[in-house]
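Visitor: Take 0 as the starting number for the sequence shown in numbering that gives the first Met the number 0 and just add one per residue. We put the CB at the ideal spot given by N, CA and C, even for glycine.
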Amino acid sequence: MICGHYFITPHAVKQFKARIAKWLTYEQALAEIIKELRGVKKIHPTMNGKAYYVRTDGKWRFRAVISNKIGKDLESSGKPVVVTILRSGRSRKKKTV
Numbered sequence: 000m001i002c003g004h005y006f007i008t009p010h011a012v013k014q015f016k017a018r019i020a021k022w023l024t025y026e027q028a029l030a031e032i033i034k035e036l037r038g039v040k041k042i043h044p045t046m047n048g049k050a051y052y053v054r055t056d057g058k059w060r061f062r063a064v065i066s067n068k069i070g071k072d073l074e075s076s077g078k079p080v081v082v083t084i085l086r087s088g089r090s091r092k093k094k095t096v
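#1: Between the Cα of residue 62 and the Cα atoms of 44, 3 and 24, which residue gives the shortest distance?
#2: List the endpoints of the continuous alpha helix (DSSP H) containing residue 23.
#3: Using a Cβ-Cβ cutoff of less than 8 Å, which residues in the same chain neighbour residue 82 once the five nearest sequence positions on both sides are dropped?
#4: CB residue 27 to CB residue 84, shorter than 8 Å?
#5: Could you give the residue range of the alpha helix (DSSP H) that holds residue 64?
#6: Work out the CA separation of residue 3 and residue 77 for me, nearest whole Å.
#7: With which residues is residue 43 paired in a DSSP beta bridge?
#8: Tell me, which residues are paired with residue 85 by DSSP?
#9: Look at the alpha carbon of residue 48 and the alpha carbon of residue 33, and state the distance between them as a whole number of angstroms.
#10: In the DSSP assignment, the alpha helix (DSSP H) including residue 9 goes from what residue to what residue?
So this is what it looks like as structure tokens:
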């Protein structure tokens, strides 16, 4: 069983596959999202203030949009919910100084 600190919606996994890694299976994409989210350090509010986002900085670079207010069942689980995945908006290669 795969587990992590977030509940990841099926939509978020599909967006990760479509936008970042088309060749991965659903299960592989879910596992990669969970691995990347373990290293997240900062959580930022979105522009409208209705959700939050985090940037990953590992093998896969993406932004995960996170909400605490989706459905009664998910709120009772106590885990933040990853609602979608966006490209990072930064270059893929890390710059070294």
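Guide: According to the structure data:
#1: Out of 44, 3 and 24, 44 has the C-alpha closest to the C-alpha of residue 62.
#2: Neither: residue 23 is in no alpha helix (DSSP H) and is coded neither H nor E.
#3: Around residue 82: 8, 10, 11, 50, 64, 65, 66 and 69.
#4: It is not a contact, given that the beta carbons lie outside the stated cut-off.
#5: Residue 64: not part of any alpha helix (DSSP H); member of the beta strand (DSSP E) spanning 61 to 66, first to last residue.
#6: Their backbone Cα atoms lie some 12 Å apart in a straight line.
#7: As a beta-bridge residue in DSSP terms, residue 43 pairs with 52.
#8: Per DSSP, 62.
#9: Here the alpha carbon of residue 48 sits roughly 24 Å from the alpha carbon of residue 33.
#10: For residue 9, the enclosing alpha helix (DSSP H) starts and ends at 9 to 18.
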